[in-house]
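These notes concern the structure reproduced below.
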Amino acid sequence: MAEVQYKQILEAAIFSSQEPLNLEKMKQLVDGDAADVNAILQELQMDYQDRGVELVKVASGYRFQAKQRYSVPLRQLYDKNPPRYSRALLETLALIVYRQPITRGEIEDIRGVAVNPKIMKTLQEREWIKVVGQKEVPGKPVLFATTKKFLDYFNLNTLNDLPPLQEIVDLEQAERELTQQLSLTMNIFPTAVAENEMEFDSDQEAFSQE
13 MAEVQYKQIL EAAIFSSQEP LNLEKMKQLV DGDAADVNAI LQELQMDYQD RGVELVKVAS
73 GYRFQAKQRY SVPLRQLYDK NPPRYSRALL ETLALIVYRQ PITRGEIEDI RGVAVNPKIM
133 KTLQEREWIK VVGQKEVPGK PVLFATTKKF LDYFNLNTLN DLPPLQEIVD LEQAERELTQ
193 QLSLTMNIFP TAVAENEMEF DSDQEAFSQE
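Quick note on my numbering: the sequence shown kicks off at 13 and runs consecutively.
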């Protein structure tokens, strides 16, 4: 099959896929190796340089998405009131992101309050965090870390794409980083967010207050 057709096949596959398309699946489509696929992906990225969408790499693979600079006009097509997350949820998620693997007890020690079980349950149900083991201390509490779905949702390839924090001593700073990234995600994927996310106006609504 001609190389041009392989490029069109990959373009169609990525465009029609409900999830980011990974390298292994693309290698099967073009009957080639990683170098062949990467060469085609680079061509596709060049093809879309002057268009309204772009081909980007996230943790699980490649996907097409609207360019960030068009997020404001695109938002006019969708819900004017995007979902909001409680500060407690964002602080908890921020600590897991920047201090993983981390136990629930360690999160509580840093925040100074008990973590509402519904927060951990919600983060796990969304597949943003997962249990990755147990800490070798009395009681062997479970350790939490983020997932590929977290990276995909927040439009990240790796955790290194987030601004580095040498040590989280200011939870407001960590919360701002995630809120900013979440805002970008909602601007790029407004329909997905509007359809799939619940509104968390405050701790009192989604979760009982800590």
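For every residue, glycine included, the Cβ atom is placed at its ideal position computed from N, Cα and C.
Whole angstroms is fine: what's the gap from residue 73's alpha carbon to residue 22's?
Their backbone Cα atoms lie some 12 angstroms apart in a straight line.
Could you tell me the distance, in whole angstroms, from the CA atom of residue 67 to the CA atom of residue 32?
The straight-line gap from Cα to Cα measures roughly 10 angstroms.
Grab the span of the alpha helix (DSSP H) containing residue 134 for me, first residue to last.
Element bounds for residue 134: 129-137.
Hey, quick one: how far does the alpha helix (DSSP H) through residue 162 stretch, first residue to last?
Counting along the chain, the alpha helix (DSSP H) containing residue 162 begins and ends at 160-165.
Please state whether DSSP places residue 117 in a helix, a strand or coil.
The answer is helix: DSSP assigns residue 117 an H, G or I state.
Rounded distance between the beta-carbons of residue 38 and residue 49, thought under 8 angstroms:
Contact annotation, residue 49 with residue 38: C-beta distance approximately 5 angstroms; criterion of less than 8 angstroms satisfied.
Check whether the segment 39-48 and the segment 122-131 are in contact - that is, three or more C-beta pairs closer than 8 angstroms.
No, they do not touch.
Minimum C-alpha distance to residue 137 - residue among 162, 113 and 44:
Taking the Cα of residue 137 as reference, the smallest distance to any Cα among 162, 113 and 44 is reached at 162.
According to DSSP, is residue 146 helix, strand or coil?
For residue 146, the secondary structure class from DSSP, reduced to helix, strand or coil, is strand.
Residues of its chain near residue 164, where Cβ-Cβ distance is below 7 angstroms and the 5 sequence neighbours each way are ignored
Cβ neighbours of residue 164 beyond the five flanking positions: 32, 70, 71 and 72.
CB-CB under 6 angstroms to residue 147, same chain, minus the five flanking residues each way: which ones, in chain order?
Shown here for residue 147: same chain residues with a beta carbon closer than 6 angstroms to its own, the five before and five after excluded, namely 115, 153 and 155 in chain order.
Local conformation of residue 69 per DSSP, three classes:
DSSP places residue 69 in strand when its eight states are reduced to three.
When burial is assigned at 16 or more other CB atoms within 10 Å of the CB, is residue 63 buried or exposed?
Counting Cβ neighbours within 10 Å, residue 63 comes out exposed, since fewer than 16 surround it.
Alpha carbon to alpha carbon, how far is residue 28 from residue 97?
The straight-line gap from Cα to Cα measures roughly 30 angstroms.
Just to check my reading of the structure: residue 105 and residue 140 have Cβ atoms closer than 8 angstroms, yes? What is that Cβ distance to the nearest angstrom?
7 angstroms between Cβ atoms; contact.
Take residue 120 and list the residues in its own chain whose beta-carbon comes closer than 6 angstroms to its own, dropping the five residues that flank it on each side.
If we look at residue 120 and ignore the five residues flanking it on each side, its Cβ neighbours are 126 and 127.
Could you tell me how far apart the beta carbons of residue 19 and residue 55 are, in whole angstroms, since I believe they sit closer than 8 angstroms?
Contact flag correct, Cβ pair sits at about 6 angstroms.
Coil, strand or helix - residue 63 by DSSP:
Judged by DSSP in its simplified three-state form, residue 63 adopts coil rather than helix or strand.
Where do the N-terminal and C-terminal ends of the alpha helix (DSSP H) with residue 40 fall, by residue?
Start and end: 35-42.
Starting from residue 110 and walking both ways along the alpha helix (DSSP H), at which residues does that stretch end?
DSSP places residue 110 inside the alpha helix (DSSP H), whose first and last residues are 99-111.
Whole angstroms are fine: how far does the CA of residue 51 sit from the CA of residue 45?
In a straight line, the C-alpha of residue 45 is about 10 angstroms away from that of residue 51.
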